[in-house]
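199 is the number of the first residue of the sequence shown in the working numbering; add one for each residue after it. Contents: one structure, followed by commentary.
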Amino acid sequence: MVISKKQSWIIGIIVVIVLAGIGVYRFYKARFLGSQLPDTVRTESKGLYKITYDTIAVDEVAGSLFVRNVAIVADTNLILSSRANVTDSAGGGNDEEIEIPSVIMNLKAESVVVYGVETPRALLNKEISGNKLIVKNASLDLYRLAQPEKSRNDSSDDKSGADVIEKIYADVLKQLSLVQIDTIRLENINISYRDFKTKKLILSSNNVSLNLHDLRIDSNTLHDRTRVLFSKNIEFNADTIRLRDPKSIYDFSFHHLRINTGLKELKLGAIKISPILGEDAFVHQFKTQKDRFDFSMKDLTIRGIAPGSLATGELYADSMFVAGSRFMIYRDLTIPRDDLSRVG
Numbered sequence: 199m200v201i202s203k204k205q206s207w208i209i210g211i212i213v214v215i216v217l218a219g220i221g222v223y224r225f226y227k228a229r230f231l232g233s234q235l236p237d238t239v240r241t242e243s244k245g246l247y248k249i250t251y252d253t254i255a256v257d258e259v260a261g262s263l264f265v266r267n268v269a270i271v272a273d274t275n276l277i278l279s280s281r282a283n284v285t286d287s288a289g290g291g292n293d294e295e296i297e298i299p300s301v302i303m304n305l306k307a308e309s310v311v312v313y314g315v316e317t318p319r320a321l322l323n324k325e326i327s328g329n330k331l332i333v334k335n336a337s338l339d340l341y342r343l344a345q346p347e348k349s350r351n352d353s354s355d356d357k358s359g360a361d362v363i364e365k366i367y368a369d370v371l372k373q374l375s376l377v378q379i380d381t382i383r384l385e386n387i388n389i390s391y392r393d394f395k396t397k398k399l400i401l402s403s404n405n406v407s408l409n410l411h412d413l414r415i416d417s418n419t420l421h422d423r424t425r426v427l428f429s430k431n432i433e434f435n436a437d438t439i440r441l442r443d444p445k446s447i448y449d450f451s452f453h454h455l456r457i458n459t460g461l462k463e464l465k466l467g468a469i470k471i472s473p474i475l476g477e478d479a480f481v482h483q484f485k486t487q488k489d490r491f492d493f494s495m496k497d498l499t500i501r502g503i504a505p506g507s508l509a510t511g512e513l514y515a516d517s518m519f520v521a522g523s524r525f526m527i528y529r530d531l532t533i534p535r536d537d538l539s540r541v542g
């Protein structure tokens with residue numbers, strides 16, 4: 199086939215246009231991934247959160263996005279200064295209204311991989327869409343902030359767990375119009391929940407895995423109570439969950455927790471309420487008689503759970519089966535009783 203000089207010029211122009219288009223696309227893609235996304239997080243959270251990562255790579259052929267060493271970290275100095283401003287505002291020193299979150303988070307992940315990512319949608323429509331997202335070897339640290347008196351007075355009611363999750367999403371990614379992923383899998387996640395001021399541990403969980411199916415975050419699903427964590431179905435597994443007793447008397451632990459909202463089923467290998475001190479030391483730390491409880495249950499199966507209630511910290515179910523249990527109560531009758539009347 200013979201190509202004329204005129205045809206060669208046309209082909210050359212087309213090649214230049216295509217290459218220029220690819221170059222522009224790659225420039226804006228790199229700009230979005232390397233600059234605009236972190237700037238979006240920082241700007242829309244009013245500087246509260248900052249996202250960083252070591253490397254980010256896009257495989258155009260496979261349609262995958264790989265990010266190494268991702269970190270979303272809250273600016274604690276900004277929180278402290280904002281709380282001071284709210285206090286000054288309550289005293290008439292500053293009229294600027296500053297919203298303080300009740301829970302902040304620090305998230306660090308070794309790797310994040312997204313398959314079937316659609317970068318053009320992210321560029322044009324501020325949407326993140328993909329088939330599967332995998333997060334491996336991550337730590338999630340949550341901190342509870344005591345609300346200033348002004349914020350407590352302005353609040354009509356306490357926020358539920360679902361409201362807290364929605365608030366964190368709004369702080370971090372609210373400028374994105376849509377986040378849609380078919381499947382999200384989190385592997386080997388360690389979670390802690392602490393008091394921001396005292397740093398005392400409230401809850402911890404190790405080796406957590408979580409599968410979220412049909413996740414969609416937009417203006418329509420923010421308040422959709424048929425979804426849990428914005429997903430139609432979740433599968434949650436945790437080796438151990440520990441709750442701190444505010445009085446440091448008992449240790450509350452849950453072992454081998456399994457939740458499947460699709461099956462409406464919750465399983466537990468064991469639940470334990472264990473006294474921290476032995477019998478004699480426990481009862482003699484009080485001036486009057488106190489009961490010492492030592493409970494354990496194993497192989498619990500709860501069926502017919504209401505998935506939507508889990509997000510608000512409530513559990514409704516049709517039935518519960520317990521394979522075995524142990525209940526021990528100890529009281530030293532030689533210790534004086536209290537003077538409280540228990541009649542009526």
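All C-beta atoms in this analysis are idealised placements derived from N, C-alpha and C, irrespective of residue type, glycine included.
First and last residue of the uninterrupted beta strand (DSSP E) at residue i
i    : result
A269 : S262 to A272
D166 : Here the chain comprises residues numbered 199 to 542, so residue 166 is not present and cannot be evaluated.
V426 : Counting along the chain, V426 falls outside any beta strand (DSSP E), and DSSP gives it neither H nor E.
V256 : T253 to D257
T250 : Y247 to T250
E463 : E463 to P473
I533 : I533 -> no beta strand (DSSP E), and no H or E assigned at all.
V520 : S517 to Y528
L498 : R490 to R501
L455 : Y448 to N458
Limits of the unbroken alpha helix (DSSP H) element including residue i
i    : result
S507 : P505 to L508
V312 : It is not in any alpha helix (DSSP H) - V312 instead sits in the beta strand (DSSP E) that spans V301 to Y313.
D478 : E477 to V481
Residue from the options with nearest C-alpha to residue i
i    : options                   : result
K496 : I474, F519, I400 and L399 : F519
V311 : M303, S327 and S300       : S327
D478 : T532, E433 and L263       : T532
A521 : I500, S539, A504 and D537 : I500
F264 : F452, R535, K334 and K248 : K334
I382 : F428, L338 and S337       : F428
S472 : S451, H482, R456 and L466 : S451
D492 : A307, E433, I527 and I302 : I527
L538 : D516, T486 and L461       : T486
D380 : D437, G314, K248 and R392 : G314
T438 : I302, S390 and H411       : S390
F484 : L246, L455 and I447       : I447
G476 : D252, T253 and D449       : D449
L276 : V256, A255, G261 and I302 : I302
T424 : D416, T250, A504 and K395 : A504
I457 : G261, V406, S309 and T396 : V406
Q378 : I415, F394 and L246       : I415
E433 : N418, D422 and H411       : H411
D255 : S309, N386 and L455       : Contrary to the premise, residue 255 reads as Ala rather than Asp in this sequence. Ranking the options by Cα distance to A255, first place goes to S309.
L455 : L498, D489, R490 and D422 : L498
Beta carbon of residue i nearer than 7 Å to that of residue j
i    : j    : result
N435 : T459 : no
L384 : L413 : no
V271 : N304 : yes
G467 : H482 : no
S494 : K470 : yes
L343 : S300 : yes
G502 : K462 : yes
V426 : L508 : yes
T253 : R266 : yes
Burial state of residue i, where buried means 16 or more other Cβ atoms lie within 10 Å
i    : result
R529 : exposed
S523 : exposed
I474 : exposed
F480 : buried
Y341 : buried
V259 : exposed
R535 : exposed
L278 : exposed
Y514 : exposed
V541 : exposed
A307 : buried
A336 : buried
F525 : exposed
I201 : Confidence in I201 is poor, its pLDDT being 46 and thus under 50, which makes the residue's placement unreliable; the coordinate value appears in the next sentence. Its Cβ having fewer than 16 others within 10 Å, I201 is exposed.
I211 : Note that I211 scores a pLDDT of 37, beneath 50, so its modelled location is shaky and nothing firm can be said.
Short CB-CB distance (under 7 Å) between residue i and chain D
i    : result
F452 : No chain D is part of this structure, which consists of one protein chain only.
**Prompt:** Taking three-plus beta-carbon pairs below 8 Å as touching, is the segment 394-414 in contact with the segment 437-449?
**Reply:** yes
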